[in-house]
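A.B. asks: Residue numbers (the working numbering), protein chains in the order written: chain A, 1 to 405; chain B, 1001 to 1258.
Where a beta carbon is used, it is the ideal one built from N, C-alpha and C, also for glycine.
Before I ask anything, here is the structure I am working with.
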Amino acid sequence: MKFLNILLAAFRALHRNKMRSFLTMLGIIIGVGAVIIMLAIGQGAEYSVKEQISSLGQNILIIFPGSQQQGTTRSGAGTMTTLTEEDAAAIAKECPAVAYVSPGSRAGGQVIAGNMNWQTGIEGVGASYLEIRKWKIEYGEFFSEQDVKAASKVCVLGKTVAKNLFQDSDPVGQTIRIRNVPFKVLGVLSEKGQNSMGQDQDDVILAPYTTVLRRLSHFPYLRSILVSAVSPNDITKAQEQITSLLRQRHKISAWEQDDFTIRNQADIASMATATSEILTILLASIASVSLIVGGIGIMNIMLVSVTERTREIGIRMSVGAKSRDILTQFLIEAMVLSLLGGFIGILFGVIGSKVVSGFAGWPTFITSFSILLSFGFSILIGVFFGFYPARKAAMLNPIDALRYE
Amino acid sequence: MISGDVNVGKDGKLIEIENLSKIYKTGDFEVHALRGISLNVKKGEFVAIMGASGSGKSTFMNILGCLDKPTKGRYILDGIEVGGLNRDQLAEIRNKKIGFVFQGFNLLSRTSALENVELPLFYCSISQKERKEKALEALKIVGLADRVNHHPNQLSGGQQQRVAIARALVNNPSIILADEPTGNLDSRTSVEVMEIFQKLNEEGKTIVLVTHEPDIASFTKRHILFRDGKIKSDSLNNDIKIASEVIKYLPKIDEEGE
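Structure (structure tokens):
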């Protein structure tokens, strides 16, 4: 029996029981659709995490004082007194792979402007901070190198802070008080949104790190140094140069550990990506359970179909159908069910993903991989769950099948 | 490949059966359905196998039709020793050498007459065009050229049986086996079906037919009577009735079958 004939016969058999065929397919449709939607959500999350991380700047290095762990004791932030302003200046001067350096200090506190107040973090940064972070001033201006040197009491506001302190009025030129120290607002940063950890990056005030160190935190050491490499390819080189420079400056002998930690964006990115990959796998495996349930549905219906059509099988055998012919016929029927279901399921999944991103606002990302995966999976399910009923049909005794009522 | 051509031995034997037995085991009991049957059928014969129910004639037909295997004995069909063949080889014999006609017609429902007749040809390598030509030809022989696209439920019993006969013919088999082909038909339609069988026999087809009605057997050339799994008698029919003549004297009850 030729393949095309079998295929035609399979379609005809399924057409005869339209409703039943559709309901059977529904299991696969939902399964495949769910797999595609879940993969789309997972991969969308992965994609947006990557995008946010790269929006931070791909060639960023952050130097923290102290190693994260010394022996079994972890140092608190205030005790880490290894990074100095001089270190930062030396990095800028002596490391050729480094483009910009922005020393960092931090203070928190209540900020007052007129009759409004707001609790936020004050980041002390260098004049090149915006270049490193690839951030822009929406209006007004950023403070200059001069302001940093002079420890001027100036600042720029994040979008969230500006909104909370000044509502719709223009904050540029106004004075705000941070812990009773008056700061002049030079500008407002453009909106950056949430970072990959869900923090509002716009809830921040940027001020010269010198000002923060001397007027607010009264702590002579840097909390971090933000560095950008000349290009993303130079990150490793920059890291090596900074390491050897700092070891030399801190007089660390060869057998001692670093008293600082350098983290690059790639590390952070791979960590966040790994997390969202796990999420994707988790979602997809839950969805594939429904695909297996759909496969069991196919097996169930095929078993019913074999029983119902025992006489037909007998007739076919009596006119010369071999076991192989009957096996192929029922296997093809099961596969047509699962493949057709798979195909509709893909459409359903693609549309469903769009609906999910439309309503829930989640980014979804459909890859050809997820489509191929679920399509291949549905073929596999057709073969796997169709085989047993088909074999049962093929092994029938012709006489018994013919006499079956 | 087994060819559909009839290649009988020098003595013209199409079927050679020697000491054939069939024993069914049900639990501790052994049922001897056939007890040592020996029989030859030559090419061109028209044989009626008769007997009461339980006489073993249906079992015999199943073995003859390669649907079942004998417990003991030899069965040679058209020069092929059938006893040693496996499932698939038997299927091929059924496909190439045997045409079945059943009491209950056994047509595929919701499938047109043409497709029903084409069915045996699905299981051998043959082009779609040739398949359709052969099926139409077979339907023409049984007088259903104008009913090719009807489904079984749109056909009368007689017409359904004629579709089944066309299906049995379509592969040009060595032998046509008919198991109570008139059992579900009224007397006039029965004679009409017998008319077709007689015509086919005249054209050289070998036919073996199981019936318990003497009227039906009277249209055949040879009568074999089974009793208790053995052949009681085997004789030539000296008074063959001609179906096409008989039908003229039968009243037309209704238009069914026409």
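Consider the Cβ of Ala-1091/B: report whether some Cβ of chain D lies at a distance smaller than 9 Å.
C.D. replies: In the displayed structure, chain D is absent; the protein chains listed are A and B.
A.B. asks: Let me make sure I understand the geometry here. Which of Asp-87/A, Leu-245/A, Asp-400/A has the alpha-carbon closest to that of Pro-220/A?
C.D. replies: Asp-87/A
A.B. asks: Tell me the DSSP secondary structure of Thr-243/A in three-state form.
C.D. replies: helix
A.B. asks: For Lys-184/A, which residues from the same chain have a beta carbon less than 6 Å from its beta carbon, with the 5 sequence-adjacent residues on both sides left out?
C.D. replies: Annotation for Lys-184/A: Val-154, Thr-175 place their beta carbon closer than 6 Å to its own, counting only its chain and skipping 5 residues before and after.
A.B. asks: Strictly below 9 Å CB to CB, what residues from chain A border Tyr-1123/B?
C.D. replies: Listed by position along chain A, the residues whose Cβ is nearer than 9 Å to that of Tyr-1123/B are Met-1, Arg-316, Val-319, Gly-320, Ala-321, Lys-322, Asp-325.
A.B. asks: Could you list which residues in chain B have their beta carbon closer than 7 Å to that of Ile-281/A, in chain order?
C.D. replies: Result: empty, since nearest Cβ-Cβ is about 46 Å, beyond 7 Å.
A.B. asks: Let me know the secondary structure DSSP gives Gly-1158/B once reduced to three states.
C.D. replies: helix
A.B. asks: Considering Cα atoms alone, identify which of Ile-242/A, Ala-34/A, Val-172/A is closest to Ile-91/A.
C.D. replies: Ile-242/A
A.B. asks: May I ask you to list the residues that DSSP assigns as paired with Ala-269/A?
C.D. replies: Secondary-structure assignment with DSSP links Ala-269/A through no beta bridge to anything.
A.B. asks: Using 8 Å as the cut-off, can you tell me whether the region 1197 to 1206 of chain B makes contact with the region 1170 to 1177 of chain B, which would need three or more C-beta pairs spanning the two stretches below that distance?
C.D. replies: Counting Cβ pairs under 8 Å, three or more are found: they touch.
A.B. asks: Please check the pair Val-32/A and Gly-358/A, which I expect to be a contact at CB under 8 Å, by giving their CB distance rounded to whole angstroms.
C.D. replies: In fact, because the Cβ distance is near 21 Å, the residues do not count as touching under 8 Å.
A.B. asks: Where in the region 1100 to 1186 of chain B do unbroken runs of the beta strand (DSSP E), each at least 3 residues long, occur, reported from the N-terminal end onward?
C.D. replies: 1175 to 1179
A.B. asks: Apply the 10 Å Cβ neighbour rule to Gly-361/A and answer buried if 16 or more other Cβ atoms are within range, or exposed otherwise.
C.D. replies: Result: exposed.
A.B. asks: To be precise: take each residue of the region 287 to 313 of chain A, compare its Cβ to all Cβ atoms of chain B, and keep it if any distance is under 9 Å. Which residues remain?
C.D. replies: Arg-311, Glu-312
A.B. asks: So with Cβ pairs under 9 Å, would you call Ile-399/A a contact of chain B?
C.D. replies: True, the Cβ-Cβ gap to chain B drops below 9 Å.
A.B. asks: Who are the neighbours of Arg-1167/B on chain A, taking C-beta pairs under 8 Å?
C.D. replies: Val-319
A.B. asks: Identify, in the order they occur along the chain, each residue of the same chain with its Cβ nearer than 8 Å to the Cβ of Glu-1081/B, setting aside the five sequence neighbours on each side.
C.D. replies: Arg-1074, Tyr-1075
A.B. asks: Out of curiosity, what's the CA-to-CA distance linking Met-38/A and Ile-351/A?
C.D. replies: 13 Å
A.B. asks: Give the DSSP-derived three-state secondary structure of Asp-400/A in the structure shown.
C.D. replies: helix
A.B. asks: Taking only beta-carbon positions, decide if Gly-1065/B is within less than 9 Å of chain A.
C.D. replies: Interface with chain A (9 Å Cβ-Cβ cutoff): Gly-1065/B is included.
A.B. asks: In whole angstroms, what separates the C-alpha of Ile-30/A from that of Thr-328/A?
C.D. replies: 26 Å
A.B. asks: Can you pull the chain B neighbours of Leu-402/A, defined as C-beta to C-beta under 8 Å?
C.D. replies: In chain order: Leu-1067, Phe-1102, Asn-1106.
A.B. asks: Output needed for Gly-295/A: all residues of its chain with C-beta closer than 6 Å, excluding positions within five of it in sequence on either side, in chain order.
C.D. replies: Hits under 6 Å: Ile-381, Phe-385.
A.B. asks: If you compare alpha carbons, which of Met-1061/B, Arg-1110/B, Val-1047/B is closest to Leu-1020/B?
C.D. replies: Met-1061/B
A.B. asks: Would you check if there are 3 or more beta carbon pairs closer than 8 Å linking the region 1209 to 1220 of chain B to the region 1129 to 1145 of chain B?
C.D. replies: The region 1209 to 1220 of chain B makes no contact with the region 1129 to 1145 of chain B: fewer than 3 CB pairs, one atom from each, lie closer than 8 Å.
A.B. asks: Can you confirm whether Arg-16/A, when its beta carbon is compared against all beta carbons of chain B, has any partner nearer than 9 Å?
C.D. replies: yes
A.B. asks: In whole angstroms, give me the CA-to-CA distance for Gly-66/A and Glu-141/A.
C.D. replies: 34 Å
A.B. asks: Asn-1116/B and Ala-1164/B: beta carbons closer than 9 Å?
C.D. replies: yes
A.B. asks: Compare the C-beta of Lys-1096/B with all C-beta atoms of chain A and state if any pair is closer than 9 Å.
C.D. replies: yes
A.B. asks: For Ser-228/A, which of helix, strand or coil comes out of DSSP?
C.D. replies: strand
A.B. asks: Any idea what DSSP makes of Met-395/A, helix, strand or coil?
C.D. replies: Note: Met-395/A maps to coil in three-state DSSP.
A.B. asks: Tell me which residue opens and which closes the alpha helix (DSSP H) that Ser-323/A is part of.
C.D. replies: 323 to 360
A.B. asks: Report the rounded CA-to-CA distance for Glu-138/A versus Lys-159/A, giving the unit in angstroms.
C.D. replies: One C-alpha to the other measures close to 9 Å.
A.B. asks: Roughly how many angstroms lie between the CA atoms of Phe-1226/B and Arg-20/A, to the nearest whole one?
C.D. replies: 48 Å
A.B. asks: What's the gap between the Cα of Ile-205/A and the Cα of Gly-121/A?
C.D. replies: Their backbone Cα atoms lie some 6 Å apart in a straight line.
A.B. asks: Let me see if you follow: with CB-CB separation under 9 Å, is Asp-1088/B close to chain A or not?
C.D. replies: Yes, contact with chain A.
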